[in-house]
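Working notes, structure below.
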Amino acid sequence: MSLLCCQDLCMHYDSINAVCHVDFSVEEGDYLCVVGENGSGKSTLMKGILGLLPPSHGRVSLSGLTQGEIGYLPQQTQIQKDFPASVYEVTLSGCRNRRGKRPFYTKAEHCRAEEMLCLLNIQNIKNRSYRELSGGQQQRVLLARALCATEKLLLLDEPAAGLDPAATADLYQIIKNLNQNHGVTVIMVSHDIKSAVEYGTKILHMATNVRFYGATKDYIQTEAYSQLAGGVRNA
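If you read the sequence shown in the numbering used here, its first letter stands for residue 1426, the second for the next number, and so on.
This is the structure we're talking about:
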């Protein structure tokens, strides 16, 4: 079953054509890695999927969920890394779309936050200040927060950026477990082409348009992959 479908999608900002005539779909259980060079439209595409930027042409269609039910882990700014809140408060804020206009979170929403902390094995630090955590711990908290918003689809924008090799490997294993053992469909923007082809079941290679979309095993046979893996800058 398709969760998401982009049909002839075009997006622009500041007179720049950032996404041009893009077609692809995401099925339940997919682990789709979005790769490409700088300026290829990867982050703009994510904003289109989330409804943060409107298409100039074409459309994004969702099935079985709304844009507010997509879990999103964006790239962090330095200000966000220093956010003065507890781990539990940051995690619970992932239920904000569920809460709507209600002034307080429900018991079920508090339970959801507790469950996600346990799932990511960070329940023991739930009362600690988020700003005092290591980079790897902060990413676990943000992933728990994103999971509070969804049971179906995660969008991850460079989730391992700035992490050391050990924390990066740990994070990728967590995401793999969520995908394979908990039924969470994943769309991940990544500059790490090696990890993208190791973990992703499908690849979308962007160059404002689509250079490749399909199974990872087919992608690694293409010239597009050879160029990216051979040292072309792709951050």
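All C-beta atoms, glycine included, are put in the ideal place defined by N, C-alpha and C.
| query | result |
| --- | --- |
| For Val1622 versus Leu1457, is the C-beta spacing smaller than 8 Å? | no |
| Look up Met1426 in the DSSP assignment and say whether it is helix, strand or coil. | coil |
| Name the DSSP bridge partner or partners of Val1622? | DSSP lists no partner for Val1622. |
| Do Val1459 and Lys1472 count as a contact pair if the criterion is CB distance below 8 Å? | no |
| To which residues of the same chain is Val1654 closer than 7 Å at the C-beta, ignoring the five residues directly before and after it? | Here residue 1654 turns out to be Ala, not Val, going by the sequence shown. Excluding sequence neighbours, Ala1654 sits near Ile1618. |
| Could you tell me the distance, in whole angstroms, from the CA atom of His1446 to the CA atom of Glu1557? | 44 Å |
| Can you list, in chain order, the residues of its chain whose CB lies under 6 Å from that of Arg1484, leaving out five sequence neighbours each side? | Gln1432 |
| In chain order, what residues of the same chain have a beta carbon less than 7 Å from the beta carbon of Ala1660, not counting five sequence neighbours either side? | Low per-residue confidence applies at Ala1660: pLDDT is 37, beneath 50, and the placement is therefore not dependable, though the value from the model is reported in the following sentence. Excluding residues within five positions, the ones whose Cβ falls inside 7 Å are Asn1463 and His1616. |
| Counting Cβ pairs closer than 8 Å, one from the segment 1568-1579 and one from the segment 1505-1522, do we hit at least three? | yes |
| Can at least three beta-carbon pairs, one atom from the segment 1573-1588 and one from the segment 1543-1554, be found at a separation below 8 Å? | no |
| In whole angstroms, what is the alpha-carbon distance linking Val1451 and Lys1526? | 31 Å |
| With a Cβ-Cβ cutoff of 8 Å, do Ala1592 and Gly1560 count as a contact? | yes |
| With DSSP run on the structure shown, which of helix, strand or coil describes Asn1522? | helix |
| Report the rounded CA-to-CA distance for Pro1661 versus Thr1633, giving the unit in angstroms. | No answer is possible for residue 1661: it lies beyond the span of the chain, which begins at 1426 and ends at 1660. |
| Taking its Cβ as the centre, do 16 or more other Cβ atoms sit within 10 Å of Phe1449, making it buried, or is it exposed? | buried |
| To the nearest angstrom, how far is the alpha carbon of Arg1658 from that of Met1631? | Confidence at Arg1658 is low in this model, with a pLDDT of 40, below 50, so its placement is unreliable and the value that follows should be read with caution. When rounded, the distance between both Cα atoms is 13 Å. |
| By how many angstroms is the C-alpha of Gln1492 removed from the C-alpha of Glu1453? | 16 Å |
| Taking 8 Å as the threshold (C-beta atoms), are Lys1601 and Gln1563 in contact? | no |
| Residues in its own chain within less than 8 Å of Gln1652 by CB, not counting five upstream and five downstream? | none |
| With His1482 as the anchor, note down where its beta strand (DSSP E) starts and where it stops. | His1482 to Leu1487 |
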